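>
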Amino acid sequence: MSIEKRKVCGIDVHKSFLVATILDREGSNKTKQVSQDIESLLAFREWVITEGCDSVAFESTGDYWRTLFIVLEDRIPVTVANAHHIRHIPGKKTDIIDSLWIAQLELNDLITPSRIFTGERYELRSLTRGRELLVQSRAELKNKIHHLLDSTNIRLSSVLSDVFGKSDAPDCLASPCQ
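Just so we're aligned, residue 6 is where the sequence shown starts under the numbering used here, counting upward by one.
#1: Can you give, in chain order, each stretch of the beta strand (DSSP E) that sits fully within the region 29–76 and has at least 3 residues?
#2: Using CA atoms only, rank isn't needed, just tell me which of Gly32, Gly15, Glu31 is closest to Val24.
#3: In the DSSP output, what is Pro118 paired with across the bridge?
#4: What residue range is occupied by the uninterrupted alpha helix (DSSP H) comprising Val140?
#5: How close, in whole Å, do the beta carbons of Val85 and Phe63 come, if the pair is a contact with beta carbons under 8 Å?
#6: Need the endpoints of the alpha helix (DSSP H) that Ile102 sits in, please.
#7: If you draw a straight line from the alpha carbon of Asp17 to that of Leu129, how long is it in whole angstroms?
#8: Secondary structure at Leu23, three-state DSSP: helix, strand or coil?
#9: Hey, how far is the Cα of Ala48 from the Cα of Gln41?
#10: For the beta strand (DSSP E) containing Lys97, name the first residue and the last one.
#11: Since Leu161 contacts Leu153 with CB under 8 Å, what's their CB separation in whole angstroms?
#12: Which whole-angstrom value is the C-beta distance of Ile107 and Ile91, which I expect to be below 8 Å?
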């Protein structure tokens, strides 16, 4: 059973700024817009701690949340929510309404936290994903080259077992246009 939170901060994260709302059990709230540069985030962290927040919560929006998470994680409990798991209220949306909604969900323990990788696991996961993207890009580029060669009636695949292979390339380059 979790301890009841008295005061929390809900944050709506954007690329260059964030909107934060501190909410307590009595319903009073304070909202602030903060730039996403390091100095502003450090000042924001001190504001949240000075205000006596038990935790902060925000959605994992792109990669924009990662710096905020790194700045906050050692000093205050952080809940990172999957954006698909937070049901937004219908009607006109603003950054202030979103940050207040996230704060209300956090105050009442209604956010299922995302699994966040830190340290070596984060690095390994990033490297693995990066490699996966590079391999996929390489395959797409090779397919485009094959298509381009075929569309210009250059049929290297009928002469070479692997157009991009190392074994046939020297033969192809040694006797151009014969």
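Note that the Cβ used here is the ideal one computed from N, Cα and C, for glycine as well.
Being a predicted model, the structure only gives us computed values, none of them experimental.
On the basis of the coordinates in this document:
#1: 34–40, 60–64
#2: Counting from one through the sequence shown, the residue named residue 24 turns up at place 19. Ranking the options by Cα distance to Val24, first place goes to Gly15.
#3: For the purposes of this step, residue 118 is identified with residue 113 of the sequence shown, where counting begins at 1. Its beta-bridge partners are Ala86.
#4: Stepping through the sequence shown from its first residue, residue 140 is reached at position 135. Where Val140 is concerned, the enclosing alpha helix (DSSP H) stretches over 124–156.
#5: For the purposes of this step, residue 85 is taken as residue 80 along the sequence shown, with counting starting at 1. For the purposes of this step, residue 63 is taken as residue 58 along the sequence shown, with counting starting at 1. Contact holds; Cβ gap of about 7 Å.
#6: Position 97 of the sequence shown, counted from the start, is the residue given in the question as residue 102. That run of the alpha helix (DSSP H) goes 100–112.
#7: Against the sequence shown, residue 17 aligns to sequence position 12. Against the sequence shown, residue 129 aligns to sequence position 124. Cα-Cα distance, rounded: 28 Å.
#8: Residue mapping note: residue 23 aligns to position 18 of the sequence shown, counting from 1. The answer is strand: DSSP assigns Leu23 an E or B state.
#9: Counting from one through the sequence shown, the residue named residue 48 turns up at place 43. Counting from one through the sequence shown, the residue named residue 41 turns up at place 36. Cα-Cα distance, rounded: 11 Å.
#10: If you number the sequence shown from 1, residue 97 lands on position 92. Element bounds for Lys97: n/a, residue is neither H nor E.
#11: Indexing the sequence shown from 1 puts residue 161 at position 156. Indexing the sequence shown from 1 puts residue 153 at position 148. No, Leu161 and Leu153 are not in contact; Cβ-Cβ is about 11 Å, not under 8 Å.
#12: Residue 107 sits at position 102 when you count from the first residue of the sequence shown. Residue 91 sits at position 86 when you count from the first residue of the sequence shown. So it is a contact: roughly 7 Å between Cβ atoms.
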